[in-house]
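Asker:
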Amino acid sequence: MKVTVQANSNIALTKYWGKRDEKLKTPYNSNTSVTLEGLQTTTTVEFDEKYDKDVFVLDDEEFFSGSGEYDEVSEQLEIIRKKAGLKQHAKVVSKNDFPTAAGFASSASGLAALTFAAAKAAGLKLSVEELSKISRMGSGSASRSLIDGFAIWHKGEQADGEDSFAEQIAPVEHWPEFRLLGCVISKKQKKTKSRAGMAQSVKTSPIFEQWYKTAEKDAMKMVGLIKEKNFDELGKLAQDNCVLMHACAMTTRPSIFYWQPGTLEVIHKVLELQDAGKQIYFTIDGGPQTKVLCLAKDVDEFKKILSELDSVQDIIECKPGYGPRVINEHLF
Ligand code: DP6
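Numbered by numbering that gives the first Met the number 0, the letters in the sequence shown go through residues 0 to 331 in order.
1) Near F62, what residues of its chain come up, given a Cβ to Cβ distance below 6 Å and the 5 sequence neighbours on each side ignored?
2) What does the alpha-carbon distance come out to for the pair Y321 and F207?
3) Could you give the DSSP three-state label for G276: helix, strand or coil?
4) Take the Cβ of V171 as the centre, count every other Cβ of all protein chains shown within 10 Å, and call the residue buried at 16 or more, exposed below.
5) Do Y15 and the ligand DP6 come close, with the Cβ less than 8 Å from some heavy atom?
6) The beta strand (DSSP E) that contains F207, what's its start and end?
7) Taking one C-beta from the segment 214-221 and one from the segment 311-331 each time, how about it: are there three or more such pairs within less than 8 Å?
8) Could you check which residue in G37, K1, R19 has the C-alpha nearest to that of V92?
9) In angstroms with no decimal places, state the Cα-to-Cα distance between L305 and K94.
10) I'd like to confirm something about M244: is its beta-carbon nearer than 8 Å to some heavy atom of the ligand DP6, or not?
11) Distance, Cα to Cα, K14 vs D51?
12) Have a look at T289, D313, D309, I279 and flag the residue whose alpha-carbon is nearest the alpha-carbon of F301.
13) So, do the segment 227-243 and the segment 191-199 have three or more beta carbon pairs nearer to each other than 8 Å?
14) Ignore the nearest five residues each way along the sequence and tell me which others in I79's own chain have a CB closer than 8 Å to its CB.
15) Across which residues does DSSP place R178 in a beta bridge pair?
16) What is the rounded straight-line gap between the Cα of L400 and the Cα of R178?
17) Provide the residue(s) that pair with D20 in DSSP beta bridges, ordered along the chain.
18) May I have a chain-ordered list of the beta strand (DSSP E) segments no shorter than 3 residues that lie completely inside the segment 293-321?
19) Measuring CA to CA, which of Q199, L23, T203, L263 is closest to V183?
20) Quick check: does the Cβ of M333 come within less than 8 Å of any heavy atom belonging to the ligand DP6?
21) On the DSSP letters alone, give me the boundaries of the beta strand (DSSP E) that L12 sits inside.
22) What is the rounded straight-line gap between the Cα of K154 and the Cα of G276?
23) Using the three-state DSSP reduction, which class does R324 fall into: helix, strand or coil?
24) Taking 8 Å as the cut-off, is the CB of D284 close to at least one heavy atom of the ligand DP6?
25) Terminal residues of the continuous alpha helix (DSSP H) containing F115?
26) Measuring alpha carbon to alpha carbon, tell me which of A150, S138, Q199, K90 ends up nearest D53.
27) Kindly give me the distance between the Cβ atoms of G152 and N30, rounded to whole angstroms, as I take these residues to be in contact under 8 Å.
28) Check G37 in the structure and name its three-state DSSP category.
29) Is T31 helix, strand or coil by DSSP?
30) Have a look at T3, E21, H329 and flag the residue whose alpha-carbon is nearest the alpha-carbon of D159.
31) Taking 8 Å as the line, does the beta carbon of A112 fall inside it for any heavy atom of the ligand DP6?
32) Got a sec, what are the start and stop residues for the alpha helix (DSSP H) E68 sits in?
33) For the segment 105-112 against the segment 130-147, are there 3 or more C-beta pairs whose distance is under 8 Å?
34) Just to confirm, are V4 and T41 a CB contact at a threshold of 9 Å?
Laid out in C-alpha cells, this is it:
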C-alpha cells in the first residue's frame, strides 16, 4: 500500500543545539517551536517485496547507500520495520517546496513526513507522542513537526529517551495572526550541517553549559509567553535565545559561522525597526536565512521594507500550521 503524507516544517522559538545521546537524539534542553504552514515536504512510501533494497528519491534526485540522505531514510525505515515486524524494503519519494538543507529545516518536515507515512504504510497505529519520539530519532527537530500549532519538545530525563517528545502548547487557532517571514539570503547548501555542528559544540564550545542551562529556562518562559500571546516578550526572548545559540556555534572549535553578510543586513534592519517601536524580531537556524517574526497586521509593510534590501532574494511567508496529514495524490 502506498501512503502519501504532507508535513510542515517548524521554527524553533527557543532552540535545540546539542544532544545528550547522539543515537537517541535526546536534547540537552527542552525547546519550543511553531509548526509552519508554507514550508512543507510531501512524501510517498510503499513497502513491497519487489524492492530488493530501500529506494530514496528527493526532489527528483536518487540517493544511494553511503550518502547521508539515504542512510538517514533507511535507518528511519528500519525503526518502523522493527516496530511493525516487517521485512520488506520500501520506496520513498519526497519533494520539498523550499530550499533543501539551507536552513529552512527541511530535516524537520522531511523526517516527520517520512515517519508518519512509513508508520501508516506499515500498518502501525501510533499516538502522536509515539510518532514524535520516532521522528525525533530521525532528526531532533522533526519531533516538533508532529504537533499542530505551538509545541514544546521536552528534553526528558530517562536514558532510553521515552520521555523526550513534543507536545502542544497551543493550537493554530490560539494565535492565527502569528507570522514568520523567511528572508532567503542564499539557496546554497550550508557547509556544516546542524547535526555535525552541534556535536562539535557539545565537545568544544566553552559556553556550551551556559547555553543549554539558559535555553532550558528560556523554553519554560516561552511556554507562558505563547499562552499569554505576549508577542513583544516572545520576540525578544526568541531573538536573545537565537543569538546565544549562534554564540555557542561561533565559539565552537573550529568556529561555525552560519551568518552571511546578508543575514546581518536583515538583522540590522529588524533592530532599526524595533528601535522605531515596530513589533518585529528575528531568529536564525543552522543556515544564513534570517527569519522575521511579526504579526499579520504588519506583514505588507515589513515585506516591502525587507524586499528592498540588497541581499534578500525572496521572502517566504508562513503562518502557524498543522501536523502531518495524509493526501490521496501519490508521487509515484
Ligand atoms: C539550529 O533537528 O536538524 O535548527 O537532530 O541532528 O537532525 P538533528 O538536528 P536538527 O537540528 C536543528 C537545529 C536548529 C535549532 C532547532 O530547530 O531547534
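Beta carbons are placed, not taken as given, at the ideal position from N, Cα and C, and that holds for glycine. Note that the structure is predicted; figures quoted are calculated from it, not measured.
Answerer: For this structure:
1) Residue numbering aside, residue 62 sits at position 63 when the sequence shown is read from its first letter. Counting only Cβ-Cβ distances below 6 Å, and skipping sequence neighbours, we find F55, E68, Y69.
2) Within the sequence shown, numbered from 1, the residue matching residue 321 stands at position 322. Within the sequence shown, numbered from 1, the residue matching residue 207 stands at position 208. Answer to the nearest angstrom: the Cα atoms are 33 Å apart.
3) The residue you call residue 276 lines up with position 277 of the sequence shown. Looking at G276 - three-state DSSP - the assignment turns out to be coil, as it is neither helix nor strand.
4) Looking up residue 171 in the sequence shown gives position 172. By the neighbour-count rule (16 or more Cβ atoms within 10 Å), V171 is buried.
5) On the sequence shown, residue 15 is found 16 positions in, with the first residue counted as 1. Because some heavy atom of the ligand DP6 lies under 8 Å away, the Cβ of Y15 counts as near it: yes.
6) On the sequence shown, residue 207 is found 208 positions in, with the first residue counted as 1. Counting along the chain, F207 falls outside any beta strand (DSSP E), though it belongs to the alpha helix (DSSP H) covering 207-227.
7) Look at the beta carbons and you see the segment 214-221 not touching the segment 311-331: under three pairs across the two are nearer than 8 Å.
8) On the sequence shown, position 93 is the one that residue 92 refers to. For the residues G37, K1, R19, the minimum Cα distance to V92 belongs to K1.
9) On the sequence shown, position 306 is the one that residue 305 refers to. On the sequence shown, position 95 is the one that residue 94 refers to. Answer to the nearest angstrom: the Cα atoms are 28 Å apart.
10) For the purposes of this step, residue 244 is identified with residue 245 of the sequence shown, where counting begins at 1. M244 Cβ: within cutoff of the ligand DP6.
11) Taking the sequence shown and counting its residues from 1, the one referred to as residue 14 is at position 15. Taking the sequence shown and counting its residues from 1, the one referred to as residue 51 is at position 52. Their backbone Cα atoms lie some 39 Å apart in a straight line.
12) Working through the sequence shown from its first residue, we reach residue 301 at position 302. The shortest Cα separation from F301 among T289, D313, D309, I279 belongs to I279.
13) no
14) Here residue 79 refers to the residue found at position 80 of the sequence shown. Shown here for I79: same chain residues with a beta carbon closer than 8 Å to its own, the five before and five after excluded, namely L85, T114, A117, A118, A121, L123, I133 in chain order.
15) Residue 178 sits at position 179 when you count from the first residue of the sequence shown. DSSP output for R178 lists C293 as bridge partner(s).
16) No answer is possible for residue 400: the residues shown for the chain start at 0 and end at 331.
17) Counting from one through the sequence shown, the residue named residue 20 turns up at place 21. Answer is T25.
18) Within the segment 293-321, the complete beta strand (DSSP E) segments at least 3 residues long are 313-319, listed from N- to C-terminus.
19) Looking up residue 183 in the sequence shown gives position 184. It is L263 whose Cα lies nearest to the Cα of V183.
20) The chain is shown only over 0 to 331; residue 333 falls outside these bounds and no answer can be derived.
21) Position 13 of the sequence shown, counting from 1, holds the residue named residue 12. Per DSSP, L12 belongs to the beta strand (DSSP E) from 1-13.
22) As a working note, residue 154 is residue 155 in the sequence shown. As a working note, residue 276 is residue 277 in the sequence shown. K154 and G276: Cα-Cα distance of roughly 35 Å.
23) If you number the sequence shown from 1, residue 324 lands on position 325. Strand at R324.
24) The residue labelled residue 284 in the question sits at position 285 within the sequence shown. Because some heavy atom of the ligand DP6 lies under 8 Å away, the Cβ of D284 counts as near it: yes.
25) Indexing the sequence shown from 1 puts residue 115 at position 116. In the DSSP annotation of this structure, the continuous segment of the alpha helix (DSSP H) that includes F115 starts and ends at 105-120.
26) In the sequence shown, counting from the first residue as 1, residue 53 sits at position 54. The option with the nearest alpha carbon to D53 is K90.
27) Counted from its first residue, the sequence shown places residue 152 at position 153. Counted from its first residue, the sequence shown places residue 30 at position 31. Here residue 152 is Trp; the residue named in the question, Gly, does not match the sequence. Correct: roughly 5 Å between the Cβ atoms.
28) In the sequence shown, counting from the first residue as 1, residue 37 sits at position 38. It is a strand residue.
29) Along the sequence shown, one-based indexing puts residue 31 at 32. Three-state DSSP puts T31 in a strand.
30) In the sequence shown, the residue the question calls residue 159 occupies position 160. Minimum Cα distance to D159 is reached at E21.
31) Along the sequence shown, read from residue 1 onward, the residue named residue 112 stands at position 113. False, no ligand heavy atom lies under 8 Å from that Cβ.
32) Here residue 68 corresponds to residue number 69 of the sequence shown, with the count starting at 1. Element bounds for E68: 67-83.
33) yes
34) As a first step, residue 4 must be located in the sequence shown, where it is residue number 5. As a first step, residue 41 must be located in the sequence shown, where it is residue number 42. Going by C-beta atoms, V4 is nearer than 9 Å to T41.
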